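Down below is the structure, laid out as structure tokens.
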Amino acid sequence: MISIVAQQVRRRVAPVRVPLGAAGALLIVVGSLTPWATFFFGYPGKVTLAGFPGGARLYPLLLAPAAVLVVVDLAGRRRGGLTAALGAVAVVGWNVLAIAKDGGGFGAVAYGGWLALAGAGALALALHSLPADRPVAESFGRLPAPVELLALAGSLGLLLVVVVVGLDIEESSRFVSFAAFVGFASAALQRLGGFAWLQSVMERHHRVTIAAAALTALAFPFTQQGSSYWLRVFASIGVFAAAAIGLNVVVGLAGLLDLGYVAFFGVGVYVGALMGSAGRTTYQGEWPFILVIIIGAAVAAVFGVVIGAPTLRLRGDYLAIVTLGFGEIFRIAANNLDWLTRGPNGIAGVPDLALGNFSFGDTHEVLGFSLPAFANYYFLELLVLAGAIVVFTRLNDSRIGRAWVAIREDETAAAAMGINTWRMKLLAFAIGAFLAGAAGTVNAHVAASVSPDSFTFLESILLLAAVVLGGMGTVAGALLGSAALFILPEKLRAFQDIRLLMFGLALVLMMRFRPEGIVPSRRRQRELHDEDGGAGAMSAPPAAPVAGRGAS
Amino acid sequence: MSPEPASGDRSAPVLEARRVTKVFGGLTAVKDVDLEVGEGEIVGLIGPNGAGKTTFFNCLTGMEVPSAGDIVYRGRKLSPRAHEVTAAGIARTFQNIRLFPNMTALENVLVGRHCRTREGVFAAIGRGPTFRREERESAERARELLEFVGLRRLENALARNLPYGDQRRLEIARALATDPGLVLLDEPTAGMNPQETVAAMQLVRRIRGQGLAVVVIEHDMKFIFNVCDRVAVLVQGQKLVEGTPSEVQRDPRVVEAYLGAPVEAG
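Line by line, the protein sequences are chains A and B.
Its first residue numbered 2, the first sequence is counted upward by one per residue in the working numbering.
Its first residue numbered 3, the second sequence is counted upward by one per residue in the working numbering.
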């Protein structure tokens, strides 16, 4: 029904596509330079003033160049342009609603907002009427190496800028505009082939990419001007992401749905707290911290094996239910083993780490920048995260990783191909638990206290959500998913009451429109979008079957 | 093409199945089946639908635990565990293709190399020279096998996107990657057109040319007569006849099993 209406609209609009698109783009430009609110009531971005694109008015202006696609119809890139135009609609629409809400009715919305909304709508209609996307050969010309490296550096720099600018936005409503802009703009870029090209560049300059990414991550604390607020959040994100990468081994690679995964993280946290001189004012350092991390990880891995050995004979839903039960057992046990875990009171006052004379709790001056205490933990966490990433990627690209994926794909066939499936699944469980344990040990010092309440079922679900939202089976997915799950609640405090509702809605929308996650592994992308990607995949080896047949 | 021995050497059997029986509840799917396969021999296994051919295969490969009987491979009794049977040297394909659909053709074959490689977690993380050499050798062997079945050019295609006939051949390449001494093929030409069937016959002969023994379940009689050295007929879980293809073809009991008993006059 909807598709029939869309077809009708497309046919009617097609003849006037170019004037409509041009008018839409013009209206967006005019709209972003004119007031969006009739009177001043504290709405961010000076939206009552004309002549400059203040506040959220900048974003539709940046998305308007998609109108060029109406005229040139570049190799059937309809969806990319449409995404950009819909982004403009979303940003303007959101602001109009927010202004109306804050200003006490639609009377508060000035003509500029309506103009921009109309313009964005017209542009979306014009782009919608373009002929459907033709499959485009995914071959990218090599540019000279310096140009490619410059593009690489530029995109990573842009990423850092986007993060810093995004974190600087205080108001929830403005952050939503920004997030919508970034989301739609990157989706549009991806559909126009920008990310695929960037990915091919990154693969060509593998080492440079890794070094540059590490440098970008290391540069982040220097952009915070001595403030520890976001460093604290990012240190937590790092801990969470390292655990999520571990879960990604279990769920993303081996395909084992573990709903009690947070228990392994908890084991690490308790080991870290108990061995980390909890209750004393300074870190005594009886144990070198690197050893504590390894012990915490190893203990968690042992738990993984102990829990996995009996349960991994189960498949699918049954495994999920049993792991859920074990997760709860861990929490309840931690609540009751007073002699070890101090019960529901938890362990408070885990002191700051110290390596020799270097205390993690102090502010340090580096190159004239003042780095607060949490910068130290941030760097430590980067190290743990880097370790988790190395373990994940290298195992993934080995006979073990292939065995895991084979088990996920068809366990019976995997066994028939000589894979000891039970042992490999147990290994996945142990590696996942090991990474979670390592992350947990560090978290004992980042959070400075432990209590059984931190290891509820909801935490397991959040970890799983980070993996699924970000993209199963990829490192970038786990990182992005973890970051989103931490930053969004911080930024959307205005919507605290309906936070879980929005989270659920986001999950449902993701599963409907992008089930492979934000950063999909190539395998999964092809798996879930065969109807639009399949044509290219099938036509890639032309006529080869016939030739192959002749040869055999 | 490699030299083809006219028929297998039965003096040193690769596989001895002794009185294999499989009971499901009240149903005896396979009953007291003996089968011997010599080095480099191609043995056909035929029989009407539901005769227990695939169940017999499952017992041989450890995917089902036989209710009674022994499976002996090159003088060694096998325990009924699929991965151990494969590691011992028996590889198989499936009647309903069971590739890893979202892995590439090359990755599928590489999975077959799993039981012939040893590098563990620490080697994979450390990426030492031995690990790199082993990975390189695995990839080389996998590409050789893809070349052998004629799929070299499709190594980066996802298994699920391959045409049906190619999927069957990829399954064979994956089985061969486990360096077996005996390959069990479950209906390798099912759903194939005549040209593909001819290619499959040649492929089976070439597998034997590599010195491997083959047991093949087939319904295509042309395939059985052109390729097999010996044929065993399973009917209602029991071995009815065994002999050369022409002996089996002439046997009235086989005709009866397939077509039913002639109606007695009177």
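All residues carry an ideal CB built from backbone N, CA and C; glycine is no exception.
Treat the numbers as computed from the prediction; the structure is a model and nothing was measured.
Can you give the beta carbon distance from residue i to residue j, rounded, assuming they're within the 8 Å contact cut?
| i | j | result |
| --- | --- | --- |
| A/E172 | A/P45 | 5 Å |
| B/L112 | A/R403 | 6 Å |
| B/A175 | B/L147 | 4 Å |
| A/L315 | A/L260 | In fact, because the Cβ distance is near 13 Å, the residues do not count as touching under 8 Å. |
| A/T217 | A/L159 | With 8 Å as the limit, A/T217 and A/L159 do not qualify as a contact, their Cβ atoms being about 10 Å apart. |
| B/I219 | B/P247 | With 8 Å as the limit, B/I219 and B/P247 do not qualify as a contact, their Cβ atoms being about 15 Å apart. |
| B/A259 | B/V237 | 4 Å |
| B/R171 | B/L214 | About 16 Å; that fails the 8 Å criterion. |
| A/L118 | A/A67 | Contact doesn't hold; Cβ gap of about 16 Å is too wide. |
| A/G32 | A/L116 | 4 Å |
| B/H85 | A/G471 | Not a contact, Cβ separation roughly 33 Å. |
| A/G120 | A/G25 | 5 Å |
| A/A301 | A/G82 | Contact flag wrong, Cβ pair sits at about 49 Å. |
Alpha carbon to alpha carbon, what distance is there between residue j and residue i?
| i | j | result |
| --- | --- | --- |
| A/R13 | A/P61 | 26 Å |
| A/S540 | B/N163 | With a pLDDT of only 34 at A/S540, under the threshold of 50, the placement of this residue in the model should not be trusted; the figure read from the coordinates follows. Between A/S540 and B/N163, the C-alpha separation is close to 10 Å. |
| A/K426 | A/A434 | 12 Å |
| A/F42 | A/L21 | 34 Å |
| B/G211 | B/P15 | 17 Å |
| A/A23 | A/S156 | 29 Å |
| B/R83 | A/F496 | 56 Å |
| B/V216 | B/A19 | 14 Å |
| A/F504 | A/W405 | 30 Å |
| A/T312 | B/K55 | 33 Å |
| B/E249 | B/A31 | 26 Å |
| A/I1 | A/A243 | This structure gives no information on residue 1 of chain A, because the portion of chain A shown stretches from 2 to 553. |
| B/V200 | A/V391 | 48 Å |
| B/I127 | A/R395 | 5 Å |
| B/A93 | B/R100 | 13 Å |
| B/V74 | A/T413 | 22 Å |
| B/C61 | B/L187 | 14 Å |
| A/D531 | A/L87 | In this predicted model, A/D531 has a pLDDT of only 48, less than 50, meaning its place in the structure is not dependable; the value taken from the coordinates is given anyway. Rounded to whole angstroms, A/D531 to A/L87 spans 24 Å at the Cα level. |
| B/R224 | B/T63 | Position check: residue 224 of chain B holds Lys in this sequence, whereas Arg was assumed. B/K224 and B/T63: Cα-Cα distance of roughly 27 Å. |
| B/N195 | B/L156 | 21 Å |
| B/P254 | B/G46 | 18 Å |
Could you name the residues of chain A that residue i contacts, counting a contact when the two beta carbons are closer than 9 Å?
| i | result |
| --- | --- |
| B/E121 | S399, R400 and I401 |
| B/M203 | In chain order: nothing, as chain A lies at least about 10 Å away. |
In chain B, which residues lie with their C-beta within 9 Å of the C-beta of residue i?
| i | result |
| --- | --- |
| A/M473 | Correct list: empty, because the minimum Cβ distance to chain B is about 12 Å. |
Provide the residue(s) that pair with residue i in DSSP beta bridges, ordered along the chain.
| i | result |
| --- | --- |
| A/H365 | A/L372 |
| B/R94 | B/L186 |
| B/G245 | B/V233 |
| B/P15 | B/G40 |
| B/T30 | B/V25 |
| B/A215 | B/L184 |
| B/Q240 | B/V237 |
| B/L160 | B/T106 |
| B/R20 | B/D72 |
| A/S557 | Only positions 2 to 553 of chain A appear in this structure, which leaves residue 557 of chain A out of reach. |
| B/V35 | B/V22 |
| A/A38 | A/V110 |
List the residues of chain A whose Cβ lies closer than 8 Å to the Cβ of residue i, in chain order.
| i | result |
| --- | --- |
| B/E109 | R403 and V406 |
| B/T180 | M418 and G419 |
Residues of chain B with a CB under 8 Å from the CB of residue i: which are they?
| i | result |
| --- | --- |
| A/L428 | V123 |
| A/G253 | Within chain B, no residue comes near A/G253; the closest Cβ sits about 12 Å away, beyond 8 Å. |
| A/I420 | H85, V113, H116 and C117 |
| A/A414 | F96, R100, L101 and F102 |
Chain B partners of residue i, CB-CB under 7 Å?
| i | result |
| --- | --- |
| A/V392 | I127 |
| A/A417 | T63, M65, A84, T88 and R94 |
| A/R395 | A126, I127 and R129 |
Using the beta-carbon of each residue, which ones in chain A are nearer than 7 Å to residue i?
| i | result |
| --- | --- |
| B/R176 | M418 |
| message | Which runs of the alpha helix (DSSP H) at least 4 residues long sit entirely within the stretch 479–531 of chain A? Give them in chain order. | response | Runs of the alpha helix (DSSP H) inside the stretch 479–531 of chain A: 500–514 and 523–529.
| beta strand (DSSP E) runs wholly inside the stretch 44–115 of chain B, at least 3 long, in chain order | DSSP runs (the beta strand (DSSP E)) wholly in the stretch 44–115 of chain B: 44–48, 70–75 and 92–94.
| task | Ignoring anything shorter than 4 residues or poking outside the stretch 330–358 of chain A, list the alpha helix (DSSP H) runs there in chain order. | result | 339–342
| request: Scan the stretch 114–144 of chain B and note each continuous beta strand (DSSP E) run of 3 residues or more that stays entirely inside, going in chain order. | output: none
| Which residue spans inside the stretch 134–215 of chain A form an unbroken alpha helix (DSSP H) run of at least 4? | 146–169, 173–192 and 195–205
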